[in-house]
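In UniProt numbering, the protein residues as written are 1 to 268.
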Amino acid sequence: MGAESFSLRGGVAAAVLAGSLLLSLPAGDAVAQTIHAGAPVAIGNGTGRVVVAADAAGQPTSVSVVLSGDSLEGLPTGHDHQRLHEYVLPMPDSGPQTGYTHVGLDWMPQGHMPDGIYSVAHFDVHFYLVDEAERDGLTFAEAHRAHAHAAPAPELVPAGFVIPPDGAVERMGLHGLDPSGPEFRGEPFRHAFIYGYYGGRQVFLEPMVSLDFLRERGDVTLPVPQPAAFTEAGYYPTRYRIGYEPARDEYRISLAGLRQQPGVTAAR
């Protein structure tokens, strides 16, 4: 199935795709919007896809990963090091350009480091700013290590974020995180927001969410920490939402409140 688009008014879908009414908007988005949906990818017993909402002027307002309700069942349970259980979700063929090239949805059945913090079953949802070919070349091998670990300019990092050197992951980058998050204060990990870097550039934005939070059908909308500048021109979120849509039995992880930002010149 290819990408599709249709209109929404008042949060109600005005078209039918593959015999099913689908896809409501994240809470708080505009009344009249057009939805552009990427091709579905098999995940667990269900599917996942990327959807982009655009306003009446054609400007993107949110970009989301939508998981069917049955996608949380039948997920792999084994561990296969860094490249385990990655689902590559394509962007829609139609609609506005957002600056994101694809989404890497990583299912982590045993979590990952830091131990005791993120070592629970969860999804890492990478909204990439580089294409798949470039991402495959992101490496921390010895010959590339100095460049790969180059510190980003301070204006590319939200205030208070840290970039641990041991957070380097092949084909992803370094992970900038907020050490004041509740998971670092003894609370169970539920959700978090990460910025990714490689060679001093921003290369992805990443909401993370635990399997338990999704299964409990929690719903949260939080502000996205803002850097002073962005490497690439594009549409960047001011908030993110993780929630469940009972009318359609879908889970949604959204970058919302998108604002157009200019890019800055960065070393490549």
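Just so it is clear, CB atoms sit at the ideal spot from N, CA and C, and this is done for glycine as well.
Just so it is clear, the structure is predicted and the values come from calculations on it, not from any experiment.
- Counting along the chain, aspartate 93 sits inside no beta strand (DSSP E), nor does DSSP assign it H or E at all.
- Of the candidates Arg49, Gly99, Asp93, Ile35, the residue whose Cα lies closest to the Cα of glycine 58 is Ile35.
- The closest CA to that of serine 94, considering only Thr101, Gly38, Gln110, Ser64, is found on Gly38.
- Between proline 165 and histidine 149, the gap from beta carbon to beta carbon is short of 8 Å.
- If you check the CB distance, arginine 259 and tyrosine 235 come in under 8 Å.
- Counting only the Cα atoms, histidine 102 lies some 6 Å from leucine 89.
- In the DSSP assignment, phenylalanine 230 forms a beta bridge with Gly263.
- Linking threonine 231 to alanine 32 through their CA atoms gives a straight-line distance of about 31 Å.
- The DSSP-derived three-state label of serine 180 is coil.
- Within the same chain, Cβ atoms closer than 8 Å to the Cβ of threonine 98 are found at Val52, Pro60, Val63, Met91, Gly234, Tyr235, Leu258, the five residues on either side in sequence being excluded.
- Contact check for phenylalanine 161 against tyrosine 197 fails: the beta carbons are separated by 8 Å or more.
- Assignment of beta-bridge partners to aspartate 55 by DSSP yields no partner.
- Runs of the alpha helix (DSSP H) lying entirely within the region 160-221, each at least 4 residues long, are 211-215 in chain order.
- For glutamine 226 and valine 157, the gap between their C-alpha atoms comes out near 8 Å.
- Along the region 103-153, the alpha helix (DSSP H) occurs as fully enclosed runs of 4 or more residues at 132-136, 145-148, listed in sequence order.
- DSSP, read as helix, strand or coil, puts glycine 69 in helix.
- If you draw a straight line from the Cα of histidine 175 to the Cα of glutamate 206, it comes to about 9 Å.
- Here the alpha carbon of phenylalanine 193 sits roughly 15 Å from the alpha carbon of methionine 172.
- Arginine 49 counts as buried, since at least 16 other C-beta atoms from the protein chains shown sit within 10 angstroms of its C-beta.
- In the structure shown, the three-state DSSP call for leucine 156 is helix.
- Approximately 16 Å separates the beta-carbon atoms of valine 65 and leucine 129; this is outside 8 Å, ruling out the contact.
- Look at glutamine 97 here: in three-state DSSP terms it is coil, with no helix or strand label.
- Measuring C-alpha to C-alpha distances from arginine 248 to each of Ala54, Gly69, Val41, Asp55 identifies Gly69 as the nearest.
- Of all alpha-carbon atoms in Arg217, Ala153, Leu222, His144, the one lying nearest the alpha-carbon of leucine 72 is that of Arg217.
- Take arginine 215, set aside five residues on each side of it, and the residues of its chain with a beta-carbon closer than 8 Å to its own are Leu72, in chain order.
- Burial check for proline 152: the Cβ neighbour count within 10 Å reaches 16 or more, so the residue is buried.
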